[in-house]
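According to the working numbering, the sequence shown is numbered sequentially starting from 328.
Each residue gets a CB set at the ideal place from its N, CA and C atoms; glycine is no exception.
What you are looking at is a predicted structure, and each value in this text was computed from that prediction instead of being measured.
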Amino acid sequence: MPNSDSVRRWTPAQGIAGWLAVLLLLLLVTAVRLGFSWPAMSTDITTLLPSDQDEAASEVVNRFASVGGQTFFLLLDAPDSDMAAAMADSLGQRLSHSGAVLQSASESGMASLGQFLYPYRFGLLTADQQRELQQQEPQQWLSRLYRALSTPGVTPAAGLIAGDPLLLFPDYLQSLAQGVEGWQPEARGLSRSWKQRQLLLTQWQLQQSAFEPGAQQRLLQAIEGEAEQWPEVTLTRAGVVFHAAEATTQAKREMTWLGSASLLLVVLFTLVVFRRLAPLGWLLLVIGSALLVGASACLLVLGQLHAITLVFGTTLVGVAVDYTLHLSCQPGDSARRSARALRLPMLLALLSSCLAYLVMIFMPFPGLKQMAVFSIAGLLWAFLTVQWMPVMGFIKPSADPYCVRVAARGSQLGARLTRSPWLWLLLTLVTLFGLGRLSFDDDVRHFQQSSESLLQQQRHLNQLLPLPEQHRMLLLSADSEQHLLQLEESLRAPLQALIASQQLQGASLLTDTLPSLARQQASRQVLARAYASPSLAQGLQQLGFAAGFMPGLSQQLAEAPVLTPAQWLAQPGNSPLKLQWLGEGPSGWRSVVLLTGVQNVAPLKALAQREGVRYLDRVEDLGRVMAHYRLALMAITLLILVMALLLISRVHPWKLALLVVLPPVAAMLLVAAVWGLAGIPMTLFHMLGLLLMLGIALDQTLFLASTPKSEWGHCSLAILLSVLSTVAAFGMLGLSSTPPLAAFGQSLSMGLLTAAVLAPVVERQIRKESK
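Below, the structure written as structure tokens:
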């Protein structure tokens, strides 16, 4: 870094050029490190888990989240089937221009599936069919054929009878359709009659991300346009894209009015105090560059950046605002002298935070490492930029004298207020009572807020056609393909018991259509013994079958192929079951059992005690992640306070150091107590708001303690302006209808205002030392 004499000779243009050169150099090094390819920002919260977590769980979650996010359903409730079909055709034409494609039910329906499985039919017996062939008399085996031949209009094709005279295969296919009882597959989707109306359920696939605002808008406009043209048809929608579109609309609406109000307030505060907007430009320069450097440091050191890290990185904004405003409000005309006067308290605040964040790097959570690197780099850059601002031509604005006097009177009033022991007794009692009632909530389902109308539509659709849950499933693993299939087959009986006891509505198993070779061989042996029965041959001959029919059929059975996973995966169409086959991975061969209508998770967790079986619950897993990070942030907060206390005590007496950390600690505990008294559980986002408050409040009392009593007016004005600006910029998020944003903004606002009122408590020790 240039020495002080050479810096004095730098012109503002040279100062800006030097600062910009360092910033561009950092960005260039980052670009080279990444191969000039900016990686996509990660939004998968499971990547924030400790690195020793099983990667299979993350792969499963990502696979189903990706497919589920691209799929949506439209249920057409029409007076008759012709109107439903006409609207579906019209929707297909309109939505094709909006990036959505209709998924024909017949493509993956029973007809195409039956055609594919027919050559392997001899090994595809249900458990009931095996028992029938082993326990019943041969004449009873022919009951299906008798019934089919005697029922007008349903006589099976001659080719089917020739290859399956007992008609076992149609019954097997019927058993696969248990989850869609009452629904009939057709080209446009699934149809059924319901309360004298005709329902048509259509499934669609988005060609773009469900979270792309442009795609959302085009899709919604197309659907709403169709709904207006068909007033007789009731349209029910379900899918991630509709929740995402609703959230996008809400976010845009809130960004418009909250963002506009925040900007107007910050501009108003700047104009009132400084009579010009120049300080606002410098403030934005420090904030923007600090965030950019923090992101670049993450990519440079760790090679990736998570969206949660950027959310956490907003805590830098408050510190950057604080540094810049204190420099602007420092008395005197020389920006260089003001920067030197603030260097020590800024350095103490910086080191106390950075040392605590440094501990996060050695924790086993990748997300905490990202946050630590981001924060340390951003804070260092904010400190250096503010100290370099005088060289870049920063001209200290002159604060309005009236504002200085008002701030001075406010600090004097705060000092008198904090001298009262009754105040601290009251705060202590409220805090203890409130903390005793405090609870925590890490359920991610409470972090999103969908409209009741959209939730009602989804519930209606699930009642008509229950679909597998995307967040709860069983993950199976084994050392070979066949052992994996046998493991799944061993779960069939306990899962059917859960369905019978109404603890589970359904389960989707691969072995419904892909039995293990052992089970196929057992089915073929049972069928071979049945085909060898003289009574069966006699019964068929009485129906007109040739005498050599059964020997020929037995020969077909002996030569028929068995179904392997490779052949099953090669079946035409895009069968949903293929998603459940994960193939070979580091832990062996893996597959997934999808669950529908889980009413009791305890038996499923009991099944997961078996070797090779794991119960996955994405919501539960994400809740654990939230809890881990909430506890980690609590530990980080404690570390920051301890580091700050130790560092401040090196410069100031112990009593004053304790008084410096008292306001932010009291504010954090008091805000937590308020949530307890209000019966509002604390979440990770409450903690993030309080962490941002801690950094700002700690700086406020530290600057106040480091400022001569004669200059308290200017320092108090900087504190007041910092609090008001931060509350305007982030505190207004407390008015958001999005729960995480509201929690963040409310905690921040309440904590900052409380800490600002308590900050003059340091006055009592300064007054004692001055005597």
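DSSP beta-bridge partners of residue i
| i | result |
| --- | --- |
| valine 567 | In the DSSP output, where bridge partners are listed per residue, valine 567 has none listed. |
| methionine 1009 | Phe767 |
| alanine 427 | Leu533 |
| glutamate 911 | Trp916 |
| glutamate 517 | Before going on, a small fix: residue 517 reads as leucine here, not glutamate. According to DSSP, which records beta bridges pairwise, leucine 517 is partnered with Pro512 and Leu528. |
| arginine 941 | Leu802 |
| leucine 921 | Met800 and Ser835 |
| threonine 561 | Asp404 |
Residue i classed as buried or exposed, judged by whether at least 16 other C-beta atoms fall within 10 angstroms
| i | result |
| --- | --- |
| glutamate 555 | exposed |
| leucine 870 | exposed |
| glutamate 1090 | buried |
| leucine 452 | buried |
| glutamine 898 | buried |
| glycine 1003 | buried |
| tyrosine 473 | exposed |
| alanine 859 | exposed |
| phenylalanine 399 | buried |
| alanine 340 | exposed |
| glycine 761 | buried |
| alanine 622 | buried |
| glutamate 553 | buried |
| arginine 603 | exposed |
| tryptophan 365 | exposed |
| glutamine 1027 | buried |
| serine 747 | exposed |
| leucine 756 | exposed |
| lysine 696 | buried |
| histidine 424 | exposed |
| arginine 772 | exposed |
| proline 406 | exposed |
Neighbour flag for residue i against chain D, beta carbons, 7 Å
| i | result |
| --- | --- |
| glycine 342 | Of the protein chains in this structure there is only one, and it is not chain D. |
Sequence-distant residues of its chain with Cβ nearer than 7 Å to residue i (five each side left out)
| i | result |
| --- | --- |
| alanine 984 | Leu972, Ile975 and Ser976 |
| leucine 841 | Leu812, Leu890, Pro892 and Trp895 |
| glycine 866 | Pro465, Gln466 and Leu469 |
| proline 821 | Leu934 |
| histidine 1041 | Cys656, Gln657, Pro658, Ala726 and Val731 |
| leucine 846 | Rather than leucine, the amino acid found at residue 846 in this sequence is arginine. Same-chain partners within the cutoff: Glu816. |
| valine 1088 | Thr745, Leu986, Leu989 and Pro990 |
| leucine 754 | Ala993 and Leu997 |
| leucine 884 | Phe449, Arg851, Leu854, Ala855 and Tyr858 |
Cβ-based neighbour list, residue i, same chain, cut-off 6 Å, excluding 5 preceding and 5 following
| i | result |
| --- | --- |
| phenylalanine 496 | Arg448 |
| aspartate 768 | Pro1008 and Thr1010 |
| glutamate 808 | Pro892 and Trp916 |
| serine 518 | Gln511 and Leu527 |
| leucine 460 | Val853 and Ala857 |
| lysine 522 | none |
| proline 795 | Ser835, Leu921 and Thr923 |
| tryptophan 337 | Val718 |
Same chain, Cβ closer than 8 Å to residue i, five either side skipped, listed in chain order
| i | result |
| --- | --- |
| valine 599 | Asp727 and Cys730 |
| aspartate 806 | Gly915 and Trp916 |
| glutamine 848 | Gly450 and Val889 |
| aspartate 1099 | Residue 1099 cannot be examined here, being either before or after the span of the chain that is shown, 328 to 1098. |
May I ask you to verify whether the segment 723 to 741 touches the segment 666 to 686, counting CB pairs closer than 8 Å and requiring at least 3? Segments in contact, no.
Where in the segment 397 to 425 do unbroken runs of the beta strand (DSSP E), each at least 3 residues long, occur, reported from the N-terminal end onward? Correct list: 398 to 405.
Original post:
Do three or more CB pairs link the segment 925 to 943 to the segment 994 to 1009 at distances below 8 Å?
Top reply: By the Cβ rule, the segment 925 to 943 does not count as touching the segment 994 to 1009, because fewer than three pairs are nearer than 8 Å.
Just list the alpha helix (DSSP H) runs in the segment 780 to 844, keeping only unbroken ones of 4 residues or longer that don't cross its boundaries, in chain order. Counting only runs of at least 4 residues, the segment 780 to 844 fully encloses the following alpha helix (DSSP H) elements, listed from N- to C-terminal order: 808 to 817 and 819 to 827.
**Given 8 Å, three or more beta-carbon pairs between the segment 913 to 929 and the segment 792 to 810** = As far as the Cβ criterion goes, the segment 913 to 929 touches the segment 792 to 810, which means the pair count is three or higher.
- Item | Whole runs of the alpha helix (DSSP H) within the segment 726 to 764, excluding any shorter than 4 residues | Residue ranges of uninterrupted alpha helix (DSSP H) with 4 or more members, entirely inside the segment 726 to 764 and ordered along the chain, are 728 to 745 and 748 to 763.
Q) Quick one: any contact between the segment 1047 to 1061 and the segment 704 to 719, if contact means 3 or more CB pairs under 8 Å? A) Short answer: they don't touch.
> Three or more beta-carbon pairs under 8 Å between the segment 1061 to 1075 and the segment 1014 to 1022, yes or no?
Replying inline: Touching, per the Cβ criterion.
Could you tell me which whole alpha helix (DSSP H) segments of length 4 or greater appear in the segment 590 to 638? List check, alpha helix (DSSP H) in window: 605 to 629.
message: Measuring CB atoms only, is the segment 552 to 572 touching the segment 409 to 422, in the sense that at least three cross pairs come out at less than 8 Å?
response: Touching, per the Cβ criterion.
Legend entry - Cβ contact check for the segment 565 to 581 and the segment 1027 to 1044: 3 or more pairs under 8 Å: Contact fails: fewer than three Cβ-Cβ distances are below 8 Å.
| said: So within the segment 858 to 909, which uninterrupted alpha helix (DSSP H) runs reach at least 4 residues, ignoring any that extend past its ends? | reply: Runs found: 861 to 869, 876 to 886 and 892 to 896.
Ignoring anything shorter than 4 residues, give me the alpha helix (DSSP H) runs that lie fully in the segment 959 to 1010, in order along the chain. If only uninterrupted alpha helix (DSSP H) runs of at least 4 residues are considered, those enclosed by the segment 959 to 1010 are 981 to 1005.
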